[in-house]
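Participant: Mind having a look at this structure? Questions to follow.
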Amino acid sequence: MQARHGHSSYRDRTDEFFGVVETLRRSIAPAAANNVPYGGGRREDPRSTAVMQSEFNKRASVIGLAIHQTSQKLSKLAQLAKRSSVFDDPTREIGELTAVIKQEISGLNTALLDLQAVRNSHNDERNISRDTTTHSATVVDDLKNRLMDTTKEFKDVLTLRTENMKIHENRRQRFTNNPSKESTNPFVRQRPLASKPAPSQPAPLPWANSSSSSSSQLVPRRQGEAESSPLLQQSQQQQQQQMVPLQDTYMESRAEALHNVESTIHELSNIFTQLATMVSQQGEIAIRIDQNMEDTLANVEGAQSQLARYLNSISSNRWLMIKIFFVLIAFLMVFLFFVA
Amino acid sequence: MKITALLVLKAAPETTDPVILANASDVSHFGYFQRSSVKEFVVFVGRTVASRTPPSQRQSVQHEEYKVHAYNRNGLCAVGFMDDHYPVRSAFSLLNQVLDEYNKSFGETWRSAKEDSSQTWPYLAEALTKFQDPAEADKLLKIQRELDETKIILHKTIDSVLARGEKLDSLVEKSSDLSMASQMFYKQAKKTNSCCTIL
Chain S
1 MQARHGHSSY RDRTDEFFGV VETLRRSIAP AAANNVPYGG GRREDPRSTA VMQSEFNKRA
61 SVIGLAIHQT SQKLSKLAQL AKRSSVFDDP TREIGELTAV IKQEISGLNT ALLDLQAVRN
121 SHNDERNISR DTTTHSATVV DDLKNRLMDT TKEFKDVLTL RTENMKIHEN RRQRFTNNPS
181 KESTNPFVRQ RPLASKPAPS QPAPLPWANS SSSSSSQLVP RRQGEAESSP LLQQSQQQQQ
241 QQMVPLQDTY MESRAEALHN VESTIHELSN IFTQLATMVS QQGEIAIRID QNMEDTLANV
301 EGAQSQLARY LNSISSNRWL MIKIFFVLIA FLMVFLFFVA
Chain G
1 MKITALLVLK AAPETTDPVI LANASDVSHF GYFQRSSVKE FVVFVGRTVA SRTPPSQRQS
61 VQHEEYKVHA YNRNGLCAVG FMDDHYPVRS AFSLLNQVLD EYNKSFGETW RSAKEDSSQT
121 WPYLAEALTK FQDPAEADKL LKIQRELDET KIILHKTIDS VLARGEKLDS LVEKSSDLSM
181 ASQMFYKQAK KTNSCCTIL
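Protein sequences, first through last, are from chains S and G. Going by full-length UniProt numbering, the first residue of the first sequence is number 1, and it counts up by one from there. Going by full-length UniProt numbering, the first residue of the second sequence is number 1, and it counts up by one from there.
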């Protein structure tokens with residue numbers, strides 16, 4: 001039941017609201033006395049309870065309606081952010097819409113907190129049923145969830161917008177390469193700035209807009225803001241707008257250089273590891289070569305000893321051979337004697 | 001990539017002209033007769049740019065063929081005249097260094113200066129010559145350059161290590177062949193020795 005109510009509460013509540021209004025009209029005299037905010041004394045009057053509850057419902061319905069409107073505006077903003085091209089940049093409308101949505105969201109936040117306080121004070125002081133408590137708790141939670149979703153969407157749209165702006169600025173920088181010319185422009189009067197709530201805001205030039213609307217971590221933007229806040233004069237503000245992009249460029253170029261250095265060091269580390277691997281592999285090869293050579297040495301030494309022994313045996317055998325020769329000659333003599 | 005001049009000025013509030021605290025210029029590449037006029041021009045443009053730079057801001061202005069970089073920090077402004085090739089970042093880091101050095105050596109005395117000081121500050125002159133090469137001023141540039149050189153050297157090293165690998169491979173082949181041959185030799189020798197007593 002609550003989910004259905006929460007999903008389309010801005011519609012259903014209207015009927016309820018009418019019913020409550022009639023109840024109020026009927027009980028307008030005592031109700032007026034009872035409408036002392038949220039806590040009076042202990043009133044057992046069931047009608048005052050109903051009045052408080054209807055008060056709660058009224059506020060809840062108002063908040064729900066406001067959330068719905070905010071989300072509609074947000075969808076419009078998202079469309080604008082998506083469709084912005086390089087030349088047809090609805091910067092100012094986007095900025096104004098952003099400001100309006102931000103105010104609405106913060107207003108809704110405070111209203112929701114009030115509503116919660118109301119409910120808590122109800123629960124503390126009144127003798128109401130468990131169902132009512134759970135009902136009001138669920139309503140408040142539902143509204144809070146919807147507000148959170150809206151805020152998240154808002155943040156997404158802003159990030160999308162920043163990315164688009166960055167792409168545009170890159171394209172612009174590529175095609176018109178004169179960032180330094182901007183510095184002479186501060187002396188020329190420009191379109192006066194509309195009222196600017198503090199952080200992300202419309203500005204005459206997309207350069208400044210890119211630096212100011214990027215909702216983030218760029219140090220120079222914070223520097224630029226901190227320095228621009230004490231300045232009150234319009235022309236100085238405009239000059240600040242020009243200075244901030246130069247600071248940005250300076251800081252960005254430094255950041256880029258640092259990134260380059262870091263990536264170079266990474267590459268170097270890769271090269272070193274490869275070098276180490278190769279050298280270790282080659283070390284293993286060298287050890288193999290060494291072993292082969294030792295084997296060869298052992299073989300050659302063995303062969304040399306064998307040959308030496310052979311030589312010895314051959315040289316010593318000669319004496320034996322002389323003896324054998326003599327014996328052979330003796331046989332020959334005997335043969336010759338028998339034949340001749 | 002040249003620096004033509006470096007100036008340190010006291011950037012007074014917008015109405016009055018800035019006061020020159022130190023000046024160093026390198027006009028050697030102009031003809032002898034143009035040098036004084038170039039110095040005047042440097043002084044004048046430096047004053048103008050310094051007066052138009054809001055405090056704690058950096059600014060670069062293109063003037064004829066020079067880029068003038070100005071950095072105003074708490075009323076002390078450093079202005080540099082460089083040509084177009086000098087990287088902007090090194091220019092600003094150089095101005096930073098100059099300002100730091102000035103603060104160190106002169107402290108706060110410059111705040112009371114009312115007219116152009118005529119003494120030269122030797123640090124500025126040697127800074128001018130030292131930083132003609134932007135890598136000196138900007139440590140990042142120097143590091144990047146050294147890293148690139150190291151990378152080239154490492155590439156060459158890897159190539160030579162690969163060649164060494166090839167040679168080692170051929171060596172291992174040859175040594176294994178050698179050990180085979182020596183083994184055959186040993187067997188042969190043993191064989192001739194075993195069957196002895198021929199004849």
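No residue lacks a Cβ here, since even glycine has one placed at the ideal position from N, Cα and C. This structure is a prediction, so every number in the text was calculated from the model and none was measured.
Could you tell me the distance, in whole angstroms, from the CA atom of G/His29 to the CA atom of G/Arg35?
Facilitator: Computed Cα separation, rounded: 9 Å.
Participant: To the nearest angstrom, how far is it from the Cα of S/Leu143 to the Cα of S/Gly64?
Facilitator: Spanning the two alpha carbons is a distance of roughly 7 Å.
Participant: Count the other C-beta atoms from every protein chain shown that fall within 10 angstroms of the C-beta of S/Glu55, then say buried if there are 16 or more, exposed otherwise.
Facilitator: So S/Glu55 counts as buried.
Participant: How long is the line joining the alpha carbons of S/Asp149 and S/Lys166, rounded to whole angstroms?
Facilitator: Spanning the two alpha carbons is a distance of roughly 26 Å.
Participant: Between G/Leu94 and G/Ala135, which are expected to be in contact by the criterion C-beta below 8 Å, what is the C-beta distance as a whole number of angstroms?
Facilitator: About 11 Å; that fails the 8 Å criterion.
Participant: Using a 10 Å radius around the Cβ and a threshold of 16 neighbouring Cβ atoms, would you call S/Thr273 buried or exposed?
Facilitator: Burial call: exposed.
Participant: For residue 352 of chain S, tell me which candidate among S/Glu153, S/Thr151 and S/Asn120 has the shortest Cα-Cα distance.
Facilitator: No answer is possible for residue 352 of chain S: it lies beyond the span of chain S, which begins at 1 and ends at 340.
Participant: Taking DSSP as the reference, what is the three-state secondary structure of S/Gln306?
Facilitator: Three-state result, S/Gln306: helix.
Participant: Can you give me the Cβ contacts of S/Arg161 inside the same chain, cut-off strictly under 6 Å, excluding the 5 residues immediately before and after it?
Facilitator: Around S/Arg161: Ala81.
Participant: For S/Pro199, which residues from the same chain have a beta carbon less than 6 Å from its beta carbon, with the 5 sequence-adjacent residues on both sides left out?
Facilitator: Below a pLDDT of 50, predicted positions are generally treated as unreliable, and S/Pro199, at 40, falls in that range; no measurement from the model is reported.
Participant: In angstroms, rounded to a whole number, what distance separates the CA positions of S/Leu115 and S/Arg92?
Facilitator: Looking at the two C-alpha atoms, the distance is approximately 34 Å.
Participant: Would you check if the region 167 to 185 of chain G and the region 271 to 289 of chain S touch, i.e. whether three or more CB-CB distances between them fall below 8 Å?
Facilitator: At 8 Å Cβ cutoff, the stretches touch.
Participant: Could you tell me if S/Ile329 is buried or exposed, where buried requires 16 or more neighbouring beta carbons within 10 angstroms of its beta carbon?
Facilitator: Under this definition S/Ile329 is an exposed residue.
Participant: What is the DSSP secondary structure of G/Ser117, reduced to helix, strand or coil?
Facilitator: Residue state, collapsed to three classes: coil.
Participant: Spatial neighbours of S/Asn146 within its chain, please: CB distance less than 7 Å, with the 5 preceding and 5 following residues excluded, ordered by chain position.
Facilitator: In the sequence as presented, Asn is not what sits at residue 146 of chain S; that position holds Arg. Only Ile67 meet the Cβ criterion.
Participant: Alpha carbon to alpha carbon, how far is S/Leu336 from S/Leu297?
Facilitator: Whole-angstrom Cα-Cα distance: 56 Å.
Participant: From the DSSP output, which residues share a beta bridge with G/Lys39?
Facilitator: Bridge partners of G/Lys39: none, in fact.
Participant: In whole angstroms, what is the alpha-carbon distance linking S/Ser313 and G/Phe185?
Facilitator: Those two C-alpha atoms are separated by around 19 Å.
Participant: Cα separation between G/Tyr66 and S/His168?
Facilitator: Computed Cα separation, rounded: 30 Å.
Participant: Hey, out of G/Ala5, G/Leu6 and G/Pro18, whose CA is closest to G/Ser112's CA?
Facilitator: Among G/Ala5, G/Leu6 and G/Pro18, the Cα nearest to that of G/Ser112 is on G/Pro18.
Participant: Please report the straight-line C-alpha distance between S/Lys76 and S/Ala111, rounded to a whole angstrom.
Facilitator: Taking the straight line from one Cα to the other gives about 24 Å.
Participant: Determine the contact status of residue 236 of chain G and G/Pro54, defining contact as a CB-CB distance below 8 Å.
Facilitator: As displayed, chain G neither begins before 1 nor continues past 199, which places residue 236 of chain G out of reach and without an answer.
Participant: Between the region 41 to 54 of chain G and the region 90 to 110 of chain G, can you find at least three pairs of beta-carbon atoms closer than 8 Å?
Facilitator: Result no; under three Cβ-Cβ pairs closer than 8 Å.
Participant: Could you give the uninterrupted runs of the alpha helix (DSSP H) lying entirely in the UniProt domain "V-SNARE coiled-coil homology" (139 to 199) of chain G, keeping only those of 4 residues or more?
Facilitator: Counting whole runs of 4 or more residues, the UniProt domain "V-SNARE coiled-coil homology" (139 to 199) of chain G contains the alpha helix (DSSP H) stretches 139 to 194.
Participant: From G/Ala126 to G/Gln132, what distance separates their C-alpha atoms?
Facilitator: The sequence as given places Glu at residue 126 of chain G; Ala does not occur at that position. About 10 Å.
Participant: Could you give the C-beta distance for G/Val42 and G/Phe81, rounded to a whole number, given that I count them as a contact under 8 Å?
Facilitator: Their Cβ separation, rounded to whole angstroms, is 6 Å, which keeps G/Val42 and G/Phe81 in contact under 8 Å.
Participant: Note down the Cα distance separating S/Glu252 from G/Ser160, rounded to an integer number of angstroms.
Facilitator: Their Cα atoms are separated by approximately 39 Å.
Participant: Since G/Asp169 meets chain S, which of its residues come closer than 8 Å, beta carbon to beta carbon?
Facilitator: In chain order: Ile285.
Participant: Since G/Lys190 and S/Gln306 should fall inside the 8 Å C-beta cutoff, what is the C-beta to C-beta distance between them, to a whole number of angstroms?
Facilitator: G/Lys190 to S/Gln306, Cβ: 5 Å. Contact.
Participant: Say whether chain S places a C-beta atom closer than 8 Å to the C-beta of G/Gln97.
Facilitator: It does not; no Cβ of chain S falls within 8 Å.
Participant: Taking all protein chains shown into account, do 16 or more other C-beta atoms lie within 10 angstroms of the C-beta of residue 402 of chain S, making it buried, or fewer, making it exposed?
Facilitator: No answer is possible for residue 402 of chain S: it lies beyond the span of chain S, which begins at 1 and ends at 340.
Participant: What three-state label does DSSP hand G/His29 in the structure shown?
Facilitator: Note: G/His29 maps to coil in three-state DSSP.
Participant: Could you give the first and the last residue of the continuous beta strand (DSSP E) run that contains S/Leu340?
Facilitator: For the record, residue 340 of chain S in the displayed sequence is Ala; it is not Leu. Segment: none, S/Ala340 is in no beta strand (DSSP E) and carries neither H nor E.
Participant: Under 8 Å between the Cβ atoms of G/Ala22 and G/Leu128?
Facilitator: Against a cut-off of 8 Å, the Cβ pair of G/Leu128 and G/Ala22 comes out as no contact.
Participant: Of the choices G/Thr157, G/Ser176 and G/Phe33, whose alpha-carbon is the least far from that of S/Met278?
Facilitator: When only C-alpha atoms are compared, the closest one is G/Thr157.
Participant: Can you tell me whether DSSP reads G/Ser60 as helix, strand or coil?
Facilitator: Three-state DSSP puts G/Ser60 in a strand.
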